[in-house]
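Numbered continuously in this note's numbering, the sequence shown closes out at residue 663. Just so it is clear, CB atoms sit at the ideal spot from N, CA and C, and this is done for glycine as well. Everything below concerns the one structure shown next.
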Amino acid sequence: MADYHPYDGPPRPRPKRAVTDYGSTTVQWMRNRRPRYKNSSAPEVERPSASYIVDMAPPAARITNAAESIPAKALHSSLNKVKHPINVVKWTPEGRRLLTGSTSGEFTLWNGMGFNFETIMQAHESAIRGVAYTHTDDWLLSADQTGIIKYWQTNFNNVKEIQAHTEAIRGLAIAPTDSKFVTAADDTTLKIWDFASSAEESTLNGHGWEVRTVDWHPTKGLLCSGSKDHTVKLWDPRTGRCLSTLHGHKNPIAKTLFEPVLGNMMATCARDHTARIFDLRMMRDVLLLRGHEKDVTTMSWHPMHKNLLSTGGVDGSILHWLLDEQNAPAGVAPTTSPYDTADAQNAPAQTIHPAHKVQYAHDFTVWTLDWHPLGHILASGSNDRVTRFWARPRPGDSSWTADRYHIGTAAAEAQGTYDRRDGRRQMRDEEEQEAEDEAEGLVDQKLPPKNPGAALLPPGLTLPGLNTSPDGTSSLLPGIGGLPPPPAGMHIPPPPPPGQGFPLGFPPAMDPARLAQLIASGALPPPPIPGANTAAGQPPFPFPPPGMAAIPPPGINGHAPPPFPFPPPGMPNAPPPPPPNFAFPPGGLPGMPLPPPQHPGQGTTPPNAGAGAGGGAAAAAAAAAAAFERRRAPLPSQQDSLKAEMRRGNYRKAR
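Below, the structure written as structure tokens:
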């Protein structure tokens with residue numbers, strides 16, 4: 009068996025990523041669009057040739073030609089490093105990014121042009137079921153499986169959350185004025201809320217089972233809701249009254265949506281393999297959409313073409329419908345529209361067949377669809393944990409007709425348009441690329457866990473600014489709280505002694521004023537001098553820790569007790585150096601930098617002993633202290649050096 013040699017050559021080139029630049033097509037259209045005067049030259053008409061790619065126009069340039077906006081080609085498949093089913097996809101109002109919500113409660117942002125990962129954050133603790141942007145593009149609302157609604161700013165700062173329902177929220181919609189929003193939940197109710205105060209204004213009761221979807225009319229005070237009880241209801245949000253109940257479906261309703269351009273139509277889809285288009289002016293269904301082989305789970309209107317609707321099914325298929333074309337297959341007789349009959353109220357609905365069908369768009373159920381605000385890209389989220397982007401083919405590109413999304417993996421392999429090994433390699437490259445993007449992206453960091461603070465003070469002793477929070481795990485002073493405990497085996501200085509004027513064995517229950525009176529009258533001996541020898545066999549009285557001042561006793565009748573006498577000559581007036589085995593870690597204790605000493609005898613600098621017994625030892629100690637100080641002190645900065653030179657009279661004049 010040959011030995012394994014790791015690859016140590018130059019870095020492998022990253023695979024090419026599909027990128028869409030809608031700016032170039034928009035600018036091209038704005039520059040070359042037809043003027044508004046007579047006999048003007050018409051712009052170049054797009055033709056099925058690769059040379060006409062530069063003449064591609066955005067959907068806004070061809071409002072009346074919806075067929076050219078059908079997204080038949082798969083652009084890119086995006087997936088997280090930790091994969092979860094995608095319940096919600098939503099384009100940001102400016103169209104730069106796509107927001108996805110998964111069953112893990114995570115928000116993921118994907119770039120809208122390169123489709124690469126941008127950021128991920130834990131938005132909810134349970135599955136996300138709905139998101140909606142306000143019409144002013146300033147706020148985002150999200151709903152989850154536990155009935156919680158969260159308010160988000162555009163930078164994804166969570167401002168507020170409310171417990172809207174006790175069960176899962178299935179639908180969420182915002183009023184055209186952004187002053188109200190409505191929620192639909194599994195508790196069979198719809199609730200209307202005031203956006204500013206988050207107060208519940210009314211509860212709409214009428215459905216007999218779980219409410220699966222809700223939508224607010226784009227211009228009117230009108231709500232539509234669909235339920236598991238097979239009914240679609242129209243509501244007046246002002247009075248909370250049910251205006252009409254539509255019984256067009258025979259199975260649970262999956263989605264209801266108002267048409268966003270004119271607002272005269274409403275689309276519904278259900279578990280009966282069909283979708284229906286209702287005319288709000290007639291309060292009846294006028295179109296029946298047949299073509300799905302299994303249940304229809306979601307749909308989305310095109311933002312500019314009023315006659316283009318996209319639907320997704322439980323079998324992973326995505327179908328696109330032109331509502332003004334029947335597209336009847338061979339052998340199927342065309343039907344008549346109710347608008348063309350004498351009795352439009354009682355005529356049967358006209359049957360519409362799909363204009364385009366992507367049978368194998370996803371491996372499992374398509375849960376959500378959303379169009380880009382410009383209408384050139386369709387995003388889909390599925391139970392197969394993949395977010396996929398779709399767009400119209402470029403002029404002259406016919407390769408999409410035989411890809412695995414249209415004819416299946418087996419048929420594509422048989423025709424040679426798809427290689428399973430290349431597919432696995434491509435999927436692996438995409439996963440690696442997404443992992444790199446995720447590593448380089450902006451990740452929302454959770455709050456650090458609260459660790460017990462360093463044992464710098466004895467139990468029960470607190471200092472201003474260093475008091476712990478009510479849970480006892482962090483400090484109220486920014487930058488000090490949550491310090492990790494000191495390393496094991498590290499020597500900690502002893503707790504501070506009682507202040508001057510108090511004996512070492514001060515009983516906790518004794519009155520300090522009474523104790524000071526006893527000391528003043530001579531009934532109790534004065535406290536020992538720090539560092540002085542005590543009775544035989546007793547250690548000397550310890551010094552207070554470096555930098556801690558002694559605490560004077562309370563005054564007696566408004567007068568302070570006599571001060572403690574100075575130590576006799578020859579006795580050092582500074583605390584002894586640290587123990588031989590005590591060593592400060594580099595930079596001081598964890599979380600607290602090592603402060604520079606203010607004067608000899610404080611900080612970590614060994615004290616400079618005064619003249620007295622052992623003069624040679626004192627000189628050696630002073631030399632060691634100086635060397636220690638030079639070794640521990642930080643290097644001076646150029647700014648400090650310049651200030652020192654200027655104090656000496658140098659560098660004061662400009663050269």
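Distance check between T276 and each of M307, M291, H300, K98 places M307 closest, using alpha-carbon atoms only. The beta carbons of A82 and Y413 sit about 5 angstroms from each other, so the pair counts as a contact at 8 angstroms.
Straight-line measurement puts the Cα of S59 at about 12 angstroms from the Cα of V53. Of the candidates S252, A278, F266, D223, the residue whose Cα lies closest to the Cα of P260 is A278. As DSSP reads the structure, L297 sits in a beta bridge with A283, I360. Of the candidates D146, T72, G404, T72 places its Cα closest to the Cα of K314.
Close CB contacts of G214 within its chain, under the 7 angstroms cut and outside five residues either way in sequence, are with K241, C250 (chain order). M121 is not bridged by DSSP to any residue. With contacts defined as CB atoms closer than 7 angstroms, A357 and L295 qualify as a contacting pair. Less than 7 angstroms divides the Cβ of T373 from the Cβ of T305. The beta carbons of D202 and T142 sit no closer together than 7 angstroms.
For G138 against V96, the beta-carbon gap comes to about 6 angstroms, under 8 angstroms, which counts as contact. Secondary-structure assignment with DSSP links V222 through a beta bridge to S233.
Taking T376 as reference, the option from Q525, I326, D351 with the minimal CA-CA separation is I326. The beta strand (DSSP E) runs lying completely inside the region 158-186 and spanning 3 residues or more are 166-171, 177-182, given in chain order. Annotation for R105: W99, L117, W118, N119, G120, E126 place their beta carbon closer than 8 angstroms to its own, counting only its chain and skipping 5 residues before and after. Scanning E175, T247, P226 for the CA closest to the CA of V219 turns up E175.
I177 and D223 have their C-alpha atoms roughly 13 angstroms apart. Nearest Cα to A181 within the set A192, G404, A172: A192. With distances taken between CA atoms, A355 lies nearest to T343 out of A68, T343, N272, D332.
P79 is positioned such that its CB atom lies no closer than 7 angstroms to that of A283. Annotation: the continuous beta strand (DSSP E) that includes E209 extends over 208-213. In the three-state reduction of the DSSP assignment, H328 falls in the strand class, which pools E and B. Residue range 30-40 is occupied by the alpha helix (DSSP H) that includes W37. In the displayed model, H414 falls within a helix according to three-state DSSP.
In the structure shown, I78 falls within a coil segment according to DSSP collapsed to helix, strand and coil.
Counting C-beta atoms within 10 angstroms of its own C-beta, M312 has 16 or more neighbours from the protein chains shown and is therefore classed as buried. The residue among R289, W147, T395, K188 with its C-alpha nearest the C-alpha of G324 is T395. Nearest C-alpha to R292 among H328, T319, H255: H255. Put simply, of V90, P93, H92, Y30 the residue whose alpha carbon is nearest the alpha carbon of D63 is Y30. Distances from the CA of T221 to each of E208, A262, S252 were compared; the closest alpha carbon is that of A262. For a cut-off of 8 angstroms, the C-beta gap from R393 to P93 is around 6 angstroms, short enough to register as a contact. CA-to-CA, the gap between H310 and A419 works out to about 31 angstroms. Here DSSP, grouped into helix, strand and coil, assigns E102 to coil.
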